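Worksheet: the structure to be examined is printed underneath.
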DNA sequence: GCGAAATGGGAAA
DNA sequence: TTCCCCTTTCGCC
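Dropping the structure here:
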């Protein structure tokens with residue numbers, strides 16, 4: 075699940091359920107024991123998502139709520155979580171069950187519990203370290219205030235395939251393998267087209283489509299990129315098999331033209347495309 | 001029961 | 001470009 079939409083959804087959920095609450099923090103697995111000890115007893119003041127990175131800002135209980143939305147202060151502790159390929163947050167109301175498996179971080183408030191497993195990153199950062207992460211990320215389609223111009227410039231100058239550029243978090247933040255495949259199909263662009271050969275109008279359309287798809291992903295809590303007319307079952311909640319045009323559909327018919335979907339390794343990741351709708355450059 | 005794959009990314013070579 | 005890490009799940013024996 076963890077492309078950018080999942081992380082923004084988690085940030086909103088943690089904001090709604092945990093901001094303003096004092097947390098008991100622990101690392102039953104032990105790998106984040108020191109960090110958890112530094113968070114224990116603090117209050118979550120703020121959550122923030124950028125691309126696939128999730129941040130929590132914790133303050134001393136005495137500082138809450140005066141510094142809600144205050145600029146980051148010297149006593150703040152920033153938790154940085156990146157889920158990677160298979161990291162997961164789970165949560166529930168009331169008392170958590172006894173920890174099972176590899177539980178990196180558990181946060182418990184008076185009302186809810188939150189369990190984090192399998193993240194690529196779970197660490198405490200200084201404000202400067204956090205800023206360094208933000209600085210190396212490209213514009214995030216899910217950030218309403220963001221300006222796509224830096225991504226436009228990077229793509230326009232690059233000979234690298236657009237399929238590679240879209241997955242590069244320093245070009246655009248938050249796209250993963252599913253959104254990459256799907257947004258390129260929807261704009262009829264081959265993943266192998268060099269960035270500099272993507273015309274401005276198509277890029278503009280593609281960027282707007284990314285915003286639409288990812289905002290829908292935040293709302294739905296999953297990725298659905300197909301238009302109802304292109305689904306086997308147009309009515310009702312889309313089934314998993316109806317959710318994508320090409321992602322994970324190697325050898326199956328393209329939903330637009332029935333050509334078998336192709337797949338190949340691009341960089342270290344599998345890329346999916348329709349050779350008819352997205353002809354090689 | 002074991003290996004591979006998965007919506008990721010960083011470091012090493 | 002290759003390796004390595006994180007964890008769970010699923011297919012295959």
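In this note's numbering, the protein residues as written are 75 to 355.
All C-beta atoms, glycine included, are put in the ideal place defined by N, C-alpha and C.
Keep in mind it's a predicted model, so treat the numbers as computed, not measured.
A contact between stretches requires three or more CB pairs, one per stretch, nearer than 8 Å, and the stretch 225 to 234 fails this requirement with the stretch 193 to 201. Under the Cβ criterion (8 Å, minimum of three pairs), the stretch 213 to 228 does not count as touching the stretch 165 to 178.
Contact between the stretch 303 to 322 and the stretch 262 to 282 is absent: fewer than 3 CB-CB pairs across the two stretches fall below 8 Å. Short of 7 Å from the beta carbon of residue 237, and not among the five residues preceding or following it, lie these beta carbons of its own chain, in chain order: 254, 258, 265, 266, 340, 345.
Counting every other CB atom within 10 Å of its CB across the protein chains shown gives residue 325 a total below 16, marking it as exposed. In the same chain as residue 122, and ignoring 5 residues on each side of it, the C-beta atoms closer than 7 Å to its own belong to 85, 129, in chain order.
In this structure, residue 92 sits near residue 186, with a CB-CB distance shorter than 8 Å. Distance from the CA atom of residue 174 to the CA atom of residue 277, rounded to whole angstroms, is 46 Å. The shortest C-alpha to C-alpha distance from residue 98 to any of 105, 191, 243, 114 is the one to 114.
Remark: C-beta atoms of residue 299 and residue 274 do not approach each other more closely than 8 Å. Apart from sequence neighbours up to five positions away, the residues of its chain that approach residue 142 with a beta-carbon distance below 7 Å are 119, ordered along the chain.
The Cβ-Cβ distance between residue 322 and residue 79 does not fall below 8 Å. Under the three-state reduction of DSSP, residue 126 is assigned to coil, being neither helix nor strand.
Under DSSP, residue 253 shares a beta bridge with no residue. The alpha helix (DSSP H) runs of length 4 or more contained entirely in the stretch 225 to 254 are, from start to end of the chain, 236 to 241.
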